[in-house]
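Residue numbers (the working numbering), protein chains in the order written: chain U, 37 to 232; chain W, 37 to 232. Everything on this sheet refers to the single structure shown next.
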DNA sequence: TATTTGACTTGATCTGGATCAAGAGTATTT
DNA sequence: AAATACTCTTGATCCAGATCAAGTCAAATA
C-alpha cells in the first residue's frame, strides 16, 4: 500500500515540478483511499452520482454509455497514472450517464470532490499538478473532438496509433474500435488493408 | 471601451461568486487589450502560434480546420462571454492547426498566457472563475465527444436544439451543419423531416 | 437597377462503414 | 479434457449520410 502512494507522489512531483513535503504526503495519505477492483467490476454505474475521483495506480478501465439499442460506446480508455471519473457527475453531483468498468484488475487511490478542494488549497504541488492536468485534458479533448468530426475511420485509427501506441498492447481490438466510433468488423478490415 | 470592461467585470464576478476590488479592476484593464475585428477577419490563422486568449464582448466567431480536400470543419462556435483561443497552441506555444474567424463584427479583450498566469496569482476572483470555466469546459467537451461518437445526425441536431438553442438564431445553417459534422444538405433534409 | 454572391432546398446517385451471418482460434470455466 | 464464452476475421448485404447538380430566394455590391 505504501508502494501505491510512492508512485502517486512521484507522479504529482513530476507533473507539477514541485516537491511534496512530509506533511503534504501525510495529508494525501489521510484522504486518498486505496481501492481494488477486479476485472469487470464497476468503478461507477450509470445512474449513480460519481462521488469519487480515482487515480489509477495499476490496471485499466473504460468509460462507456449504452444506447437505447443496447450498443456500447466507449468514451474513454484509461491506464496507470490517469484520473478516473465522470467529471460532469463529479463536479455537479448529477447522476451519471456513464459506466466505468475495470478491464484489468484495478488499483486506484480515490478521494471526494470536497477533499480535492482542500488539497488544492493546502498543497501547492497538488494545485500546480491540477492546472497542468486540466490543460492536458483540454488539449486532448479538443483533439478528440476534431478527430471525431473531421477524420475518416482510417485517419482516426492512424491518429491513435501515432498518439497512443500503447493502447494497442493494452486494450482488445473491439474496445479500440468502440473508442474510435467503429464497428469491430470495420477496424479489422481497416488494419488488413493498411498492410498493403 | 469602459463599457467593454464593465461587462467583463460583471462576468468574472458572476461566475466566480467573488467581488473584484478597484485594484483588481485596474490590473485587468492594464493588460487586457480591447481589439476589434470586422466580419471575416481572422483572430488566429493556421500555422501561427495562438499568442492571445480573447474574451468575447460582442460578436461571434468560429474555430475551424481545412482538410486536404479543402473541406472546412467547425470545431467550435463562440459567442459573447466565451473565451477564444486554440488552447493547444496557446498553452504549448505550438503552431496552430486551426483558424479562428469572426462571423460577425467582433470585440474581444485579449491577453497573453504569461499575463493570465499573473492574474491567476494576483486576483482571487479571476482564479476562482478560471477553475469554474475549466470545469465547464471539461464537461462540455466530454458531452461533445460523446455526441460525436454515439449519436446519429438527428440526435446530434436535437441535442444542439436542446442545449444551445440560441445558436440557431445566431449562426447560419451551413455553419451549424459543419459544427455537427454534417453536410448542409443533410441538415436541411433533417429539419424538414423532423416537422412531420 | 442590374449583377454577383451566398444561403438554403430538393432530387438523383454514390459510398464508407454498419449490420447480419458464419467460422476459426483462443481463453476461461467446469 | 470438455464445454462455454470471447475475440477476431471474412463475406454478403444494406443504409445513413455524402456528393453532385440544379434551382430559388435574398442580400450585398456595382
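By construction, the Cβ of each residue, glycine as well, lies at the ideal position given by its N, Cα and C atoms.
- Identification of chain W residues near residue 217/U by a Cβ-Cβ cut-off of 9 Å yields 184, 185, 186, ordered along the chain.
- Three or more beta-carbon pairs separated by less than 8 Å link the segment 216 to 232 of chain W to the segment 190 to 198 of chain W, which places the two stretches in contact.
- When rounded, the separation of the alpha-carbon atoms in residue 143/U and residue 72/U is 5 Å.
- Ranked by Cα distance from residue 184/W, the options 104/U, 197/U, 218/U are led by 218/U.
- Chain W has no Cβ within less than 8 Å of the Cβ of residue 45/U.
- Cβ-Cβ separation between residue 161/W and residue 48/W: approximately 5 Å, consistent with a contact (criterion under 8 Å).
- Taking the CA atoms as reference points, residue 82/U sits about 5 Å from residue 132/U.
- The Cβ of residue 212/U sits no closer than 8 Å to any Cβ of chain W.
- Every alpha helix (DSSP H) stretch that sits fully inside the segment 94 to 163 of chain W and reaches 4 residues is listed by chain position as 123 to 128, 149 to 158.
- Contact residues of the segment 165 to 176 of chain U toward chain W are 170, 171, 173, 174, 175 (C-beta to C-beta distance below 7 Å).
- Of the residues 69/W, 41/W, 58/W, the one whose Cα lies closest to the Cα of residue 159/W is 58/W.
- Chain order gives no chain W residues near residue 155/U, where near means a beta carbon separation below 8 Å; the closest approach is about 13 Å.
- Taking the Cα of residue 92/W as reference, the smallest distance to any Cα among 42/W, 204/W, 205/W, 208/W is reached at 42/W.
- Around the beta carbon of residue 90/U, a 10 Å sphere encloses 16 or more other beta carbons of the protein chains shown; the residue is thus reported as buried.
- By the neighbour-count definition (other C-beta atoms within 10 Å, threshold 16), residue 224/U is an exposed residue.
- Beyond the five residues adjoining it in sequence on each side, residue 135/W comes within less than 8 Å, by CB distance, of 78, 80, 81, 82, 99, 100, 101, 102 in the same chain, given in chain order.
- Contact annotation: residue 51/W and residue 214/W have beta-carbon atoms that are not nearer than 8 Å.
- The beta carbon of residue 44/U sits closer than 8 Å to the beta carbons of 64, 68, 91, 93, 145 from its chain, once the five residues preceding and following it are set aside; these are given in chain order.
- Collapsing the DSSP output to three states places residue 72/U in a strand.
- Inter-residue distance for residue 181/W and residue 172/W is about 14 Å (C-alpha atoms, whole angstroms).
- Per DSSP, the unbroken alpha helix (DSSP H) holding residue 226/W starts and ends at 220 to 229.
- Residues of chain W with a Cβ closer than 8 Å to the Cβ of residue 178/U are, in chain order, 111, 122, 123, 124, 177.
- One thing to note: residue 148/W has its Cβ no nearer than 8 Å to the Cβ of residue 198/W.
- DSSP places residue 55/U in no beta strand (DSSP E); its state is neither H nor E.
- Contact annotation: in the segment 82 to 106 of chain W, residues whose CB is within less than 7 Å of a CB in chain U are 101, 103.
- Taking C-beta separations shorter than 8 Å and ignoring five residues to either side along the sequence, the partners of residue 226/W in its chain run 189, 190, 193, 218, following chain order.
- By the C-beta density criterion, residue 113/U is buried, having at least 16 other C-beta atoms within 10 angstroms.
- Per DSSP, the beta bridge partners of residue 92/U are 144/U.
- Cβ neighbours of residue 129/U within its own chain (closer than 7 Å, five residues either side excluded): 85.
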